[in-house]
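This report refers to the structure that appears directly beneath it.
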Amino acid sequence: MRTADGGQQLRGWRFVTEEEAAELLPPVRYRRLRWALRARERGTVLNLEAAVPVGRPLTAGPHP
Numbered sequence: 000m001r002t003a004d005g006g007q008q009l010r011g012w013r014f015v016t017e018e019e020a021a022e023l024l025p026p027v028r029y030r031r032l033r034w035a036l037r038a039r040e041r042g043t044v045l046n047l048e049a050a051v052p053v054g055r056p057l058t059a060g061p062h063p
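Note that numbering that gives the first Met the number 0 gives residue 62 to position 63 of the sequence shown, counting from 1, and the numbers run on in steps of one.
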């Protein structure tokens with residue numbers, strides 16, 4: 000994994016379940032993650048404002 004800043008702001012990382020992420024992340028970041036996972040499951044794109052979906056979902060097109 001590479002970061003834009005060479006990892007200088009990254010103290011550590013690990014793979015976790017969604018439930019574990021809920022305990023580890025601040026509430027607003029967890030809500031953004033949760034909606035990103037729901038969009039991925041549904042094959043759609045969601046626009047978020049303040050970590051809440053707004054507008055209509057966009058259908059994801061075919062992957063190149």
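For every residue, glycine included, the Cβ atom is placed at its ideal position computed from N, Cα and C.
Take residue i as the anchor and find which of the options has the nearest alpha-carbon.
i: Ala21; options: Arg33, Arg13, Gly11, Trp12; result: Arg33
i: Ala50; options: Thr16, Gly5, Ala35, Ala3; result: Ala35
i: Phe14; options: Leu24, Arg37, Arg41, Asn46; result: Leu24
Kindly indicate which three-state DSSP category residue i falls into: helix, strand or coil?
i: Thr45; result: The residue you asked about is not Thr; residue 45 is Leu in the sequence shown. It is a strand residue.
i: Val53; result: strand
i: Val15; result: coil
i: Ala3; result: coil
i: Arg33; result: helix
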